[in-house]
Amino acid sequence: MTPLELDRRLSKFVSKNKPKGTGKKLPVAPGGGSRKGSSGKYQADELWLPNTDRPEWLDGSLPGDRGFDPLGLSKPGDFLQIDLDQQDQNKAVNAAGNVIGSFASAAQPGAVSNNALAPYDEVFGLGRFRENELIHGRWAMLACLGAIVAEAGTGISWADAGKVELDAGTQYLGFKLPFSITQLTVIEAILVGGAEIYRNRELDTEKRKYPGGPFDPLGLTTGDSERTFKLQTAEIKHGRLAMIAFLGYSVQAAVTGEGALGSLAKFGNSFAPELVEEIEQIAGASPPQT
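Laid out in structure tokens, this is it:
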């Protein structure tokens, strides 16, 4: 029997006796979950920790959903409807309102509320958590880039870079500004706060997260749902990384007083010689005499 015939018989035997799966299938997000390898196409559920169970309320349909919710913060719940308390000033004791009903959380991903006053489930639900994560991730990406640019341009730690602009009065890029620091703070609060108020007027959570229009001048997220999902996944991944990175920036600045580039330079200067010495010891070479 030739090796080719043996391989064919083994393949037939394996496919014939292959056990059928009993696990439930998870919905596949556009452009995610299925991959094609050299031996064919297979389905894989990407989880934050391998061999763990995905929570039933996280079905993988959101960009970057890896089933991470150990505290169950995004788990939908039922809410009780309670009647008003008895406000009778002629009674010594006023009974509390009774439970007159209950309603389930109806906030689905992408659902639009017709109530201008957001209900409880929208404020603390999965959609609102994702919106906050996305907004904080975008701010963190800008902050990480701004910290590096400020430190590279001034040679001073990003935590102290603002002081350079205030040494000779309020200025920006060498241009003096006709405002005091208090006035600039008020102006920034009005502009940023006004933008946030305008954004939160939108009842559709998807439009609040991805407004499009002038925020997508190249039209990268129009017409192709698979490409849009990949770009949204990449954005949330970079946002999460940026939030962790800026936390590292802050800890470094608080502990060592160094900025991002300063800490990186110190780490390289202390790590590289030790690494070379370890490699030389492993290779059996004696370190050079100085």
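With the UniProt record's numbering, the residue at position 46 of the sequence shown is 46, and numbering never jumps.
A virtual CB, placed ideally from N, CA and C, is assigned to each residue, including glycine.
Since the structure is predicted, the reported quantities are computational estimates derived from the model, not experimental observations.
Neighbourhood of T256 by C-beta distance below 7 Å, restricted to the same chain and skipping five residues each side: Excluding the 5 residues flanking it on each side, T256 has same chain C-beta neighbours closer than 7 Å at S263, in chain order.
Tell whether a beta-carbon distance below 8 Å holds between K75 and W57. Contact check for K75 against W57 passes: the beta carbons are separated by less than 8 Å.
Quick one: Cα of I135 to Cα of R208, how far? Note on geometry: alpha-carbon atoms of I135 and R208 lie some 10 Å from one another.
With distances taken from CA atoms, which of H238, A234, E278 and P217 is nearest A140? The alpha carbon of A140 has as its nearest neighbour, out of H238, A234, E278 and P217, the alpha carbon of H238.
Just confirm the distance between the C-beta atoms of T205 and E131, as a whole number of angstroms; I'd bet it's less than 8 Å. The beta-carbon distance between T205 and E131, rounded to whole angstroms, is 6 Å. This is short enough to meet the 8 Å contact definition.
Tell me the rounded alpha-carbon separation between K18 and L231. The predicted model places K18 with a pLDDT of 47, which falls under 50 and marks its position as unreliable, so this point remains unresolved.
Segment limits, alpha helix (DSSP H) that includes L205: Residue 205 is actually Thr in this sequence, not Leu. First-last of the alpha helix (DSSP H) with T205: T205 to K209.
Can you tell me whether Q183 is buried or exposed? The criterion is at least 16 other CB atoms within 10 Å of its CB, across all chains shown. With a threshold of 16 other beta carbon atoms within 10 Å, Q183 falls short and is exposed.
By the DSSP assignment, the alpha helix (DSSP H) with R138 in it spans what residues? Residue range L126 to T154 is occupied by the alpha helix (DSSP H) that includes R138.
Between which residues of its own chain and A143 is the CB-CB distance below 7 Å, once the five residues before and five after are set aside? In the same chain as A143, and ignoring 5 residues on each side of it, the C-beta atoms closer than 7 Å to its own belong to F246, in chain order.
Spatial neighbours of I181 within its chain, please: C-beta separation below 8 Å, excluding the five flanking residues on both sides. Result list for I181: L166 and T170, in chain order.
In the DSSP assignment, find the alpha helix (DSSP H) that holds S225 and state where it starts and stops. Start and end: S225 to T256.
Please state whether DSSP places K176 in a helix, a strand or coil. The three-state secondary structure of K176, taken from DSSP, is strand.
Using three-state DSSP, classify G169 as helix, strand or coil. Strand at G169.
Just how far apart, CA to CA, sit F215 and S157? It is roughly 31 Å from the alpha-carbon of F215 to the alpha-carbon of S157.
Residues in the same chain with beta-carbon distance under 6 Å from T228, minus the five sequence neighbours each way, listed in chain order, please. The beta carbon of T228 sits closer than 6 Å to the beta carbons of T221 from its chain, once the five residues preceding and following it are set aside; these are given in chain order.
Candidates A283, A260, A234 and D53, of which the one nearest T154 by Cα: The candidate whose alpha carbon is nearest that of T154 is A260.
C-alpha gap between I279 and Y249, whole angstroms: Straight-line measurement puts the Cα of Y249 at about 30 Å from the Cα of I279.
Do you know whose CA, among K266, A242 and T233, lies nearest E46's CA? Selected option, being the one with the closest Cα: T233.
Any idea if P63 is buried or exposed, counting beta-carbon neighbours within 10 angstroms, 16 or more meaning buried? Buried, since its Cβ has 16 or more Cβ neighbours within 10 Å.
Round the Cβ separation of D69 and P50 to the nearest angstrom and send it over; I've been treating them as touching at under 8 Å. Not confirmed; about 17 Å, so no contact.
Pair within 8 Å by beta-carbon distance, G137 and I236: For G137 and I236, yes; Cβs fall inside 8 Å.
Suppose you measure from the CA of R201 to the CA of D53; what does that come to, to the nearest Å? Between the C-alpha atoms of R201 and D53 there is a straight-line separation of about 37 Å.
At the level of alpha carbons, what is the spacing between A242 and E133? Taking the straight line joining both Cα atoms gives about 11 Å.
My output table needs one value for A159: the three-state DSSP class, helix, strand or coil. A159 sits in coil when the DSSP states are folded into three classes, being neither helix nor strand.
Return yes when the Cβ of A161 is within less than 8 Å of the Cβ of A150, no when it is not. In contact: A150 and A161 (Cβ atoms closer than 8 Å).
Counting only the same chain and skipping the five closest in sequence on each side, list residues whose C-beta sits under 7 Å from that of R240. In its chain, beyond the 5 residues on either side, G137 have a beta carbon closer than 7 Å to the beta carbon of R240.
What is the residue span of the alpha helix (DSSP H) that N51 lies within? Segment: none, N51 is in no alpha helix (DSSP H) and carries neither H nor E.
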